[in-house]
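S.K.:
Protein chains in written order, with the numbering used here: chain A, 107 to 218; chain B, 2 to 117.
Take a look at the structure:
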């Protein structure tokens, strides 16, 4: 089945630690996205990538980093510079111009 | 810059009744797509309906339909025969076609409660 997978479902981070959230899609989509969602809030764009080996900062990129070495993969690293990382993280992908965006099931990140 | 506004943080509807969720947007582009997404308690974002701006006909998907008013930049979602399973957060989203960017702009969401 085609879709977007995110792992892990829950992730715990210790102070000063970098953690990486995985996002994989087998939909052959060109574009991939990372969003952050805080309780009761909307989606805020962290990073997006329109093509392999290229990505752009979104609205809240500070304290996060990404890579796009393969079309199907777009991992997000939450660095120690992100002082308030507790949130729900959603990965998404879309085929291209004007097309529908599809979402993964999300990862909840908690700080110990 | 494009913006999407959902002015109703929360709405309630009786089961089997009809409810309309509001969304307005601001853009200088002529070609774009508009979307409504549903986020149930599982937090999985699910596409409800999509509207192409060049189409005058309002999109419909079973009990869900939109009222797209391009001149007014309004894109409301109507849910008919509301069911308990419709209870969720609903997000309106915009995606320009000619801007050269693949960014989607989301509203802040409307929480829909369905009363039995």
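Glycine included, each C-beta is placed from N, C-alpha and C at the ideal position.
Hey, how far is the Cα of residue 105 of chain B from the Cα of residue 97 of chain B?
M.R.: Cα-Cα distance, rounded: 8 Å.
S.K.: Mind checking whether residue 48 of chain B and residue 206 of chain A have CB atoms under 8 Å apart?
M.R.: Taking 8 Å as the Cβ cut-off, residue 48 of chain B and residue 206 of chain A qualify as a contacting pair.
S.K.: When the cut-off is 8 Å and only beta carbons count, does residue 108 of chain B lie next to chain A?
M.R.: Yes, residue 108 of chain B counts as interfacial toward chain A.
S.K.: When the Cα of residue 196 of chain A is compared with those of B:57, B:12, B:46, B:77, which residue comes out closest?
M.R.: Taking only the C-alpha atoms, the option nearest residue 196 of chain A is B:46.
S.K.: Could you have a look at residue 160 of chain A and say whether DSSP puts it in helix, strand or coil?
M.R.: Strand, per DSSP.
S.K.: Determine the direct distance from the alpha carbon of residue 159 of chain A to that of residue 118 of chain A, and round the result to whole angstroms.
M.R.: Between residue 118 of chain A and residue 159 of chain A, the C-alpha separation is close to 29 Å.
S.K.: So residue 211 of chain A contacts chain B; which residues on that side make the cut at Cβ distance below 7 Å?
M.R.: Under the 7 Å cutoff, chain B gives 45.
S.K.: Can you tell me the Cα-Cα spacing of residue 186 of chain A and residue 109 of chain A, whole angstroms?
M.R.: Their backbone Cα atoms lie some 30 Å apart in a straight line.
S.K.: Ends of the beta strand (DSSP E) at residue 68 of chain B?
M.R.: Element bounds for residue 68 of chain B: 65-70.
S.K.: So for residue 27 of chain B, helix, strand or coil by DSSP?
M.R.: Here residue 27 of chain B sits in strand by DSSP.
S.K.: Mapping the DSSP letters down to three states, classify residue 85 of chain B as helix, strand or coil.
M.R.: Helix, per DSSP.
S.K.: Taking only beta-carbon positions, decide if residue 193 of chain A is within less than 8 Å of chain B.
M.R.: No, its Cβ sits nowhere closer than 8 Å to a Cβ of chain B.
S.K.: State buried or exposed for residue 42 of chain B, treating a residue as buried only when at least 16 other CB atoms are found within 10 Å of its CB.
M.R.: Counting Cβ neighbours within 10 Å, residue 42 of chain B comes out exposed, since fewer than 16 surround it.
S.K.: I need the DSSP call for residue 133 of chain A, collapsed to helix, strand or coil.
M.R.: Residue state, collapsed to three classes: coil.
S.K.: Determine whether the Cβ of residue 206 of chain A lies closer than 8 Å to any Cβ atom of chain B.
M.R.: Interface residue, yes.
S.K.: Could you pull out every residue in the same chain whose Cβ sits closer than 7 Å to the Cβ of residue 71 of chain B, ignoring the five residues on either side in sequence?
M.R.: Counting only Cβ-Cβ distances below 7 Å, and skipping sequence neighbours, we find 54.
S.K.: For residue 48 of chain B and chain A, any beta-carbon pair shorter than 8 Å?
M.R.: Yes, residue 48 of chain B counts as interfacial toward chain A.
S.K.: From the DSSP secondary-structure annotation, give me the bridge partner or partners of residue 80 of chain B.
M.R.: Note: residue 80 of chain B sits in a beta bridge opposite B:20, B:65.
S.K.: Interface residues of chain A around residue 92 of chain B at Cβ under 8 Å?
M.R.: Chain A residues near residue 92 of chain B: 148, 149.
S.K.: Give, in chain order, every residue of the stretch 126-146 of chain A whose Cβ lies closer than 9 Å to some Cβ of chain B.
M.R.: Listed by position, the residues of the stretch 126-146 of chain A near chain B (Cβ gap below 9 Å) are 136, 137, 139, 141, 143, 146.
S.K.: Once you ignore the five residues that flank residue 75 of chain B on each side, which residues in its own chain have a CB closer than 6 Å to its CB?
M.R.: Once the five neighbours on either side are set aside, the close Cβ partners of residue 75 of chain B are 25.
S.K.: Work out the CA separation of residue 9 of chain B and residue 77 of chain B for me, nearest whole Å.
M.R.: Distance between the alpha carbons of residue 77 of chain B and residue 9 of chain B is about 11 Å.
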